[in-house]
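The sequence shown maps to residues 1 to 113 in UniProt numbering. Glycine is no exception: its CB is placed at the ideal position from the N, C-alpha and C atoms.
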Amino acid sequence: MITKILSTCRNEEALNLSEVAMAASSRMVSRVAFGKRYEEGGPGMRRFHQILKGFDNLTTSFFVSDYFPALSFVDKMSGRMNRVDAVCKVMDSFYQELIDEHLKSRRKICLLC
């Protein structure tokens, strides 16, 4: 992260610190939580960023039903609930892949014992 910031500053280019911080935190989270290293700009990291952005958009969105439960139909009609379902399905499949990989690696270890 620091080398990227230094090289950008040396070239006198603009730097989006939000993107740099997001990339660094994504690498740390993936390593700690998933036990995997995703290469910056690789397909795994791009997918992880896409999932995080979708989740971030949901958590920062205004849902009428959060404040007025009787008006929950507004969220359904506006398509917000469909977006919630779509993001949850993507997250579920991502986590299921991680779980399957973890179980598969454990089976290999048990077979070697």
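Where does the unbroken alpha helix (DSSP H) through residue i begin, and where does it stop?
i	result
residue 77	72 to 78
residue 3	2 to 10
residue 25	17 to 29
residue 44	43 to 59
residue 64	64 to 67
What does the Cβ neighbour count give for residue i, buried or exposed, with the cut at 16 atoms within 10 Å?
i	result
residue 75	buried
residue 38	buried
residue 29	exposed
residue 68	exposed
residue 73	exposed
Helix, strand or coil: how does DSSP classify residue i here?
i	result
residue 13	coil
residue 37	coil
residue 94	helix
* Are the segment 33 to 43 and the segment 55 to 67 touching by the rule of at least three beta carbon pairs closer than 8 Å? -> no
* When the Cβ atoms of the segment 96 to 106 are set against those of the segment 81 to 88, are three or more pairs found closer than 8 Å? -> no
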